[in-house]
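Here the structure comes first, spelled out in structure tokens, and everything after it is commentary.
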Amino acid sequence: MFEEKRRGKRKLVVFVVGLLFLTAFSIGYYINSALEEDTNSFNKINESLKIPDSLKNITNVNVSNEISEKQTFEDNSIILDESYKIKYITLFTICNHRIERDTNLPLVFSGLSKEEFMEKNVGWNLVDIEDKYITLIREINTYCPNHYIISLEGQYIAIYTYNEDGERVLKEKTDISVHTLTPEDQAILESGIVSDTLEDLEQKLEGFSN
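Per my numbering: the sequence shown = residues 102 to 311.
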């Protein structure tokens, strides 16, 4: 009788364990199914957000180069006409002054390309062509026209200036003879003395005439 009771308890334990195992399996299956369904839904959404392969291998474009190339093309295609204006800028390297001169495009340049125009303006460098405005620049290793140079002309003291092209121009020949000057003054005048104002020029000339 005691043995029958033990067998009954064993059957009950087996039944309960089996029931628990079945319940755990069912719950696990349900959870896995739900996760798989969520994963599939996520993959479908994610798939719709993917970048197409046709757009993945786009080469980066250098915007500055593109603009430069475009600008170069536009510059090369320019044909000048009477509506253009020119700004000439001359830099005088000794006195560090500059002269700017604006002018309408001369008729002789009308119809020329940029290259042809520059061939006609030897010694000038092109800075820019913008809004029908051409800017040219050059450097000249002299004084600008706003200075006076006291030097010699033959046997007399003379006054010189430089024009916008850097050429030395005789402005006036005085009646002060070199024979009245000391050898030191003559040597100085051969190199030239610079006066920045008319008043300074007159004072220096008076010094040589005394």
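Glycine included, C-beta positions come from ideal geometry on N, C-alpha and C. Treat the numbers as computed from the prediction; the structure is a model and nothing was measured.
Under 8 Å between C-beta atoms of residue i and residue j
i	j	result
K188	T236	yes
I294	T275	no
L290	L253	yes
E248	S211	Here residue 248 turns out to be His, not Glu, going by the sequence shown. Cβ distance not < 8 Å, so H248 and S211 don't count as in contact.
T191	E268	no
R202	F193	no
I251	L282	no
Neighbourhood of residue i by C-beta distance below 8 Å, restricted to the same chain and skipping five residues each side
i	result
W225	Y189, M219, L237, I238, R239
L213	I180, L181, K221
I195	N242, T243, Y244
E273	A259, I260
I168	Any reading at I168 needs caution, since the residue's pLDDT is 35, under 50, leaving its predicted position unreliable; the model's value is listed next. If we look at I168 and ignore the five residues flanking it on each side, it has no Cβ neighbours.
K151	Below a pLDDT of 50, predicted positions are generally treated as unreliable, and K151, at 34, falls in that range; the measurement from the model is reported next regardless. None.
Three-state class that DSSP yields for residue i in the structure shown
i	result
S292	helix
H198	strand
S184	coil
D297	coil
D286	helix
K106	Confidence at K106 is low in this model, with a pLDDT of 42, below 50, so the placement of that residue should be treated as unreliable; the coordinate-derived value is given next. It is helical.
V164	Low per-residue confidence applies at V164: pLDDT is 33, beneath 50, and the placement is therefore not dependable, though the value from the model is reported in the following sentence. Reduced to three states, the DSSP call for V164 is helix.
E220	helix
E273	strand
N311	coil
Residues bridged to residue i [DSSP beta-bridge criterion]
i	result
F193	H198, I241
S214	I180
N205	K186
E231	Y234
L306	Answer is none; L306 lacks a bridge partner.
T281	Per DSSP, none; premise fails for T281.
E268	For E268, which the question treats as bridged, DSSP gives no partner whatsoever.
N226	I238
Cβ-Cβ separation, residue j to residue i (assumed contact under 8 Å), whole Å
i	j	result
Q256	V228	Their Cβ separation, rounded to whole angstroms, is 46 Å, which puts Q256 and V228 out of contact at 8 Å.
K215	Y185	At roughly 11 Å, the Cβ-Cβ gap does not stay under 8 Å, so K215 and Y185 are not in contact.
Close-in-space but distant-in-sequence residues of the same chain around residue i (CB under 7 Å, 5 per side omitted)
i	result
L206	L181, E183, Y185, K186, I187
P246	T262, Y263, N264, E265
F309	I258, I277, L282, D286
Cutoff 6 Å; reference residue i; Cβ partners in own chain excluding five residues on either side
i	result
V270	T262, N264
Heavy atom of the ligand ADP within 7 Å of residue i beta-carbon
i	result
G255	This structure does not include the ligand ADP; it has no bound ligands of any sort.
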